[in-house]
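Inspection log for the structure reproduced underneath, given as C-alpha cells.
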Amino acid sequence: IQWYPGHMAKAQKQIKERLKLVDIILEIVDARVPESSINPMIQELGQNKPVLLILNKADMADAQKTQQWIETFKKRGITAIALDAQHKAKLPMIEKVAQEILADKLAKKRAKGIRNPVIRAMCVGVPNVGKSTILNRLMHKNIAVTGNRPGVTKNQQWLKASERFEVLDTPGVLWPKFDDPAVGNKLALTGAISDVVYHADDVVVFALDYFKQFYPNQLRKTYQATDADLEQSSPELIMILTKRLGFKEDYDRFCIKFINDARQGKLGRFTLDPVPAEAKGND
Ligand code: GDP
4 IQWYPGHMAK AQKQIKERLK LVDIILEIVD ARVPESSINP MIQELGQNKP VLLILNKADM
64 ADAQKTQQWI ETFKKRGITA IALDAQHKAK LPMIEKVAQE ILADKLAKKR AKGIRNPVIR
124 AMCVGVPNVG KSTILNRLMH KNIAVTGNRP GVTKNQQWLK ASERFEVLDT PGVLWPKFDD
184 PAVGNKLALT GAISDVVYHA DDVVVFALDY FKQFYPNQLR KTYQATDADL EQSSPELIMI
244 LTKRLGFKED YDRFCIKFIN DARQGKLGRF TLDPVPAEAK GND
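All letters in the sequence shown, in the order written, are residues 4 to 286 by the numbering used here.
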C-alpha cells in the first residue's frame with residue numbers, strides 16, 4: 004500500500020464508520036516498534052471507544068522491553084498485552100482482557116436481562132503487524148454469517164471467535180507515521196512500510212547504529228562481525244560485511260539481505276523503540 008493524503012482520508016472515513024459498530028477496538032502493533040507502529044488518530048477515529056492494544060510478534064521482540072512497554076502503556080491509561088499470533092493457545096487472552104475492559108458495560112447489559120452479552124470488536128493496525136493472522140487464528144472454523152447489520156457493507160461479516168466474542172472479518176488498515184525519518188526506518192525494518200518508499204542503505208545504517216549499541220552480539224553471531232568491525236562507522240561496516248558475505252561490492256545486496264534477516268527474525272530478537280525512562284524501574 005502506498006499512502007497519499009487522499010488514501011488516508013478515505014481509509015479514515017471507512018474505518019470510522021465501521022468502528023461505530025463495535026464495543027472495543029483491537030489495535031495491533033508490532034511489539035518490536037510498539038510506539039512507532041501505533042496510530043495516534045485511533046482515539047479520534049474510534050470516538051473514544053475502549054482500545055485494547057496488542058503488541059503482536061512478541062516472539063521477535065526483546066522480552067524485557069515488551070514488559071516495560073506494557074507498563075508504560077498502563078501508565079498512559081492504555082491496556083496492552085503481548086501476543087504471538089502464531090501461538091494459538093494465547094489467543095483466548097484477547098477475549099478475556101476485552102471482557103475485563105468492558106466489565107461495566109457487560110454488567111449493565113446483564114442487569115437489563117441480556118444473559119450472555121456479545122462483545123463486538125474490530126482489528127486495526129498499520130500493514131504487516133499481523134492483523135490477518137490474528138483474525139484467522141481467532142476464528143479457526145467458527146465462521147458466522149450473522150447477516151447484514153445496519154451500517155455494515157453487505158459483504159462484511161462478523162466472525163465468531165466464541166459465543167460471546169465477534170470480530171469484523173476485515174481489519175482496518177491504518178497508515179504509518181511519516182513525519183519522523185527514524186520512525187520510517189524502524190517501520191521499514193519491521194516491514195510495515197513497503198519496499199518502494201525507503202532507501203535500503205539508510206535503513207541499514209540506522210539499524211547498524213542501533214544494533215552496535217544494543218545488540219552487538221547479534222551482529223557477531225549472524226554476520227561474524229568482530230570487535231574491530233563493530234568499532235567502524237555503520238557505512239564502513241556495511242562495506243566490510245558485504246565483502247565477508249561474498250557479495251563483493253554489491254552493498255545493496257547486503258542491505259536487502261540485512262533487512263530481510265531482521266524481518267524474519269534471523270538477527271535475533273530486538274525492540275527498536277526505546278522504553279521511556281520512567282518505566283524501566285531499577286534497570
Ligand atoms: P497484516 O498485514 O497486519 O494483516 O499482517 P499479516 O497477518 O499478513 O502478517 C504479516 C506477516 O507476519 C506474516 O508473514 C505472518 O505470518 C507474520 N506474523 C503475524 N503474526 C506473527 C507473530 O506473532 N509472530 C511472528 N513471528 N510472525 C507473525
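Heads up, the beta-carbon is just placed ideally off N, CA and C, and yes, glycines get one too.
None of the values given here were measured: they were computed from a predicted structure.
Rounded to whole angstroms, the Cβ separation of L22 and L55 is 13 Å, and the two are not in contact under 8 Å. Taking a 10 Å sphere around the C-beta of T229, we find fewer than 16 other C-beta atoms and assign the residue as exposed. The Cβ atoms of I104 and P53 lie closer than 7 Å to each other. Here G128 carries a strand assignment [DSSP, helix/strand/coil]. Here DSSP, grouped into helix, strand and coil, assigns K163 to strand. In the three-state DSSP reduction, N119 falls in the coil class, being neither helix nor strand.
Apart from the 5 residues on each side of it in sequence, W178 sits with its Cβ closer than 6 Å to the Cβ of W6, M11 in its chain, given in chain order.
Distance between P43 and A164, taken at the CA atoms: about 28 Å.
Under the three-state reduction of DSSP output, V207 falls in the helix class.
When rounded, the separation of the alpha-carbon atoms in V206 and T69 is 22 Å. With 16 or more neighbouring CB atoms inside 10 Å of its own CB, R35 falls in the buried class. Beta-bridge analysis with DSSP links T82 to L55. Secondary structure of D62 (DSSP, three-state): helix. With fewer than 16 other beta carbons inside 10 angstroms of its own, K91 counts as exposed. Contact fails between the region 267–284 and the region 244–254, because fewer than three Cβ pairs, one in each stretch, are under 8 Å apart.
DSSP links V176 through a beta bridge to G128.
Under the DSSP definition of a beta bridge, V32 partners with L58. Of the candidates R79, A64, A83, the residue whose Cα lies closest to the Cα of I57 is A83.
A distance criterion of 6 Å places the beta-carbon of S40 beyond contact range of the ligand GDP, judged by its closest non-hydrogen atom.
Separation of L171 and F181 (C-alpha to C-alpha, rounded to the nearest whole angstrom) is 28 Å. No Cβ-Cβ contact shorter than 7 Å links A124 with L86.
In the structure shown, L138 falls within a helical segment according to DSSP collapsed to helix, strand and coil.
Nearest to D26 by C-alpha distance, out of C126, Q160, Q89, E239, is C126. No heavy atom of the ligand GDP is found nearer than 6 Å to the CB of N188. In the structure shown, I259 adopts helical secondary structure according to DSSP, grouped into three states.
Cα atoms of N131 and L138: separation of roughly 13 Å, rounded to the nearest angstrom.
In the structure shown, E98 adopts helical secondary structure according to DSSP, grouped into three states.
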